[in-house]
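Asker: Structure incoming, see below.
Structure, rendered in structure tokens:
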């Protein structure tokens, strides 16, 4: 099936109805395996058992950024290609990305207190991550403020493209500035600095979180398509009465 | 030793993950039910999309006449 076939909302709904039970089932299985591996992973020689927070913190940080990445591609779909599902995808991704970014901030804080002696510091990584969360809130507010979905989509797309500047800032903040947050330890030249006994459970948890994101995103897109159908029918009803 | 000292932070992290992921799942599930119910209500009253209009045309006509 060609990608363009999903441009039809009815076809997407049919795809979502078939895919969601499978996606949900696979997500639960991978999560169960990932949490099991995370719990039996050895403690870090310096950080002790607090390294278990990493299995939540790092995947949620990745997904916070992935969410904005999805919205950025969708914004291009809205503004350049005018794909009918692009703004549906963007709107559906925003609350999910915001939730994972919030989880990243909370778990980072709870990890920071025992390791750094503080819940929060205004260093470049933490601040740029907070900016991402605020950008998510801004996009969600914009969607709620403008009633016409197509006008809201264009405004949100522009804000999303501008906000995408924050993604490389988050990624390279630990290289560009002197931060309390540790430098890059996974995707770096020379390979990861984390032992495989901890790195493998981390990748399994990252896969589980990614599957969760995809499942929630498909479900939220289905809801958004239904919401737009309800809106269209209500407009039809109003015009029939008047 | 360190585990017992910091167990509260670990538990709080996992509890916040359960709360946030649970809230997301609840939001998606409840929203789906709400939208499906609203759609069903509208279709029961004879308001249908263009693609389904052929099936419910008489009902739409009645609604227009009533108006």
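Residue numbers (the numbering used here), protein chains in the order written: chain X, 119 to 360; chain S, -11 to 55.
All C-beta atoms in this analysis are idealised placements derived from N, C-alpha and C, irrespective of residue type, glycine included.
Please read these numbers as outputs of a predicted model, since none were measured by experiment.
1. So, does the CB of residue 0 of chain S fall closer than 8 Å to a CB anywhere in chain X?
2. Counting only C-beta atoms, is residue 5 of chain S closer than 8 Å to chain X at any point?
3. Given a cut-off of 8 Å on the beta-carbon distance, is the pair residue 223 of chain X and residue 248 of chain X in contact?
4. Where does residue 17 of chain S land, buried or exposed, given buried means 16+ other C-beta within 10 angstroms?
5. Alpha helix (DSSP H) containing residue 128 of chain X: first to last residue?
6. Closest to residue 188 of chain X by C-alpha separation, out of X/175, X/212 and X/198, would be which residue?
7. Leaving out the 5 sequence neighbours to the left and right, which residues in its chain are closer than 8 Å to residue 174 of chain X when beta-carbon positions are compared?
8. Please state whether DSSP places residue 293 of chain X in a helix, a strand or coil.
9. Nearest-angstrom Cα distance between residue 31 of chain S and residue 334 of chain X?
10. Per the contact definition of three or more C-beta pairs closer than 8 Å, is the stretch 163 to 170 of chain X in contact with the stretch -4 to 6 of chain S?
11. Let me check understanding here. Comparing Cα to Cα, which of S/35, S/12, S/24 and S/29 lies closest to residue 131 of chain X?
12. Go through its chain and collect everything with a Cβ distance to residue 227 of chain X's Cβ below 7 Å, but skip five positions before and after it.
13. Assuming residue 301 of chain X and residue 293 of chain X are in contact, meaning their beta carbons sit under 8 Å apart, how far apart are those beta carbons, in whole angstroms?
14. Starting from the beta carbon of residue 232 of chain X, find every residue of chain B whose beta carbon is closer than 7 Å, and list them in chain order.
Answerer: Well, looking at it:
1. yes
2. yes
3. yes
4. exposed
5. 127 to 158
6. X/212
7. 221, 225 and 323
8. helix
9. 27 Å
10. yes
11. S/24
12. 237 and 238
13. 7 Å
14. This model lacks chain B altogether; the protein chains it does include are X and S.
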